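Enquirer:
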Amino acid sequence: MSFLGLRRHVAAWLVPVGVVGLCGCDVLTDDPLTASEVEAFLLEAATRAADAKGKAFQATVTAAASQRSTITETASLAQVKADATVEAAALASRSSAVADDLSEAESVDLEAKQAALGQALQGEDVGAIRLALGDLTWAVASVESAVAARRPPPNPDRLSAPTVDSEQEDPSGRAEVDDPARSWADGVTSQSPSDAPADTTPSGLQDSADDRRDPPVGQERSQEP
Numbered sequence: 001m002s003f004l005g006l007r008r009h010v011a012a013w014l015v016p017v018g019v020v021g022l023c024g025c026d027v028l029t030d031d032p033l034t035a036s037e038v039e040a041f042l043l044e045a046a047t048r049a050a051d052a053k054g055k056a057f058q059a060t061v062t063a064a065a066s067q068r069s070t071i072t073e074t075a076s077l078a079q080v081k082a083d084a085t086v087e088a089a090a091l092a093s094r095s096s097a098v099a100d101d102l103s104e105a106e107s108v109d110l111e112a113k114q115a116a117l118g119q120a121l122q123g124e125d126v127g128a129i130r131l132a133l134g135d136l137t138w139a140v141a142s143v144e145s146a147v148a149a150r151r152p153p154p155n156p157d158r159l160s161a162p163t164v165d166s167e168q169e170d171p172s173g174r175a176e177v178d179d180p181a182r183s184w185a186d187g188v189t190s191q192s193p194s195d196a197p198a199d200t201t202p203s204g205l206q207d208s209a210d211d212r213r214d215p216p217v218g219q220e221r222s223q224e225p
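Per UniProt numbering, the sequence shown starts with residue 1, numbered consecutively.
1. Assign Ile71 to buried or exposed, taking buried as 16 or more other Cβ atoms, counted over all protein chains shown, within 10 Å of its Cβ.
2. Suppose you measure from the CA of Gly134 to the CA of Val108; what does that come to, to the nearest Å?
3. Nearest CA to the CA of Arg130: which residue from Ser76, Phe41, Pro153, Ala99?
4. Run through the segment 81-131 for me and flag every whole alpha helix (DSSP H) of 4 or more residues, listed as ranges in chain order.
5. Tell me the rounded alpha-carbon separation between Ala99 and Ala148.
6. Any heavy atom of the ligand MN closer than 8 Å to the Cβ of Ala35?
7. Using 9 Å as the threshold, is the C-beta distance between Thr137 and Glu73 below it?
8. If contact is defined by three or more beta carbon pairs under 8 Å, each pair taking one atom from either stretch, is the segment 81-95 in contact with the segment 103-121?
9. In this structure, does DSSP put Arg151 in helix, strand or coil?
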């Protein structure tokens, strides 16, 4: 609506009221408003109406911004809680892995940090949730380092691989052993003359056997006709 249209609207509303008022007032009838006074009055009325409209619009904008901020904070809080819950479960698993090696003081400290995080998750303070989660993460990392430092180092002998026979490690050597022709040749080559079996036959028996095989020359002649 333009300023001229607003003036006409206000004038259409004020003219009947002014007529009724002027009819019952002799003073106003004797001294009516001039054109400039009427124009000033209409201008003031339009200004006040615009101010009221502007304030109403500003109030609407402020309410919308506040509502949007509330929705954003609610969504952020829900996301932070979900992430903290997942991280807390992972930290609980890590602490359970070293629970048997913890001292009493370390166990009490971990339980206190876990309780603080659980209490923070029940509230709506994003900063408190993040602070409690950070404290618990630091505590779990500290006890893991302490437990690792207290444990004895691994024995290198137990970590070494078992020895394997040379025959299993060297297939070529096994093939040479399994070859009968090569084994026989090696045996013949390695046997010296001194290692040959000695003749254990008595000398007398040996001579008689030679005589039977080769009779004397005269005996051969006597046997001839």
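All C-beta atoms, glycine included, are put in the ideal place defined by N, C-alpha and C. All of these numbers come straight from a predicted model, not from anything done at the bench.
Expert: With the structure as the only source:
1. Working through the sequence shown from its first residue, we reach residue 71 at position 71. Its Cβ having fewer than 16 others within 10 Å, Ile71 is exposed.
2. For this step, residue 134 is matched to residue 134 along the sequence shown. For this step, residue 108 is matched to residue 108 along the sequence shown. In a straight line, the C-alpha of Gly134 is about 17 Å away from that of Val108.
3. Reading the sequence shown from its first residue, position 130 is the one you call residue 130. Here the closest residue by C-alpha is Ser76.
4. 104-122
5. One-based indexing of the sequence shown puts residue 99 at position 99. One-based indexing of the sequence shown puts residue 148 at position 148. Going by the C-alpha atoms only, they are around 12 Å apart.
6. The model on display carries no ligand, and the ligand MN is accordingly not part of it.
7. Here residue 137 corresponds to residue number 137 of the sequence shown, with the count starting at 1. Here residue 73 corresponds to residue number 73 of the sequence shown, with the count starting at 1. Result no, Cβ atoms of Thr137 and Glu73 do not sit closer than 9 Å.
8. yes
9. As a first step, residue 151 must be located in the sequence shown, where it is residue number 151. Here Arg151 sits in coil by DSSP.
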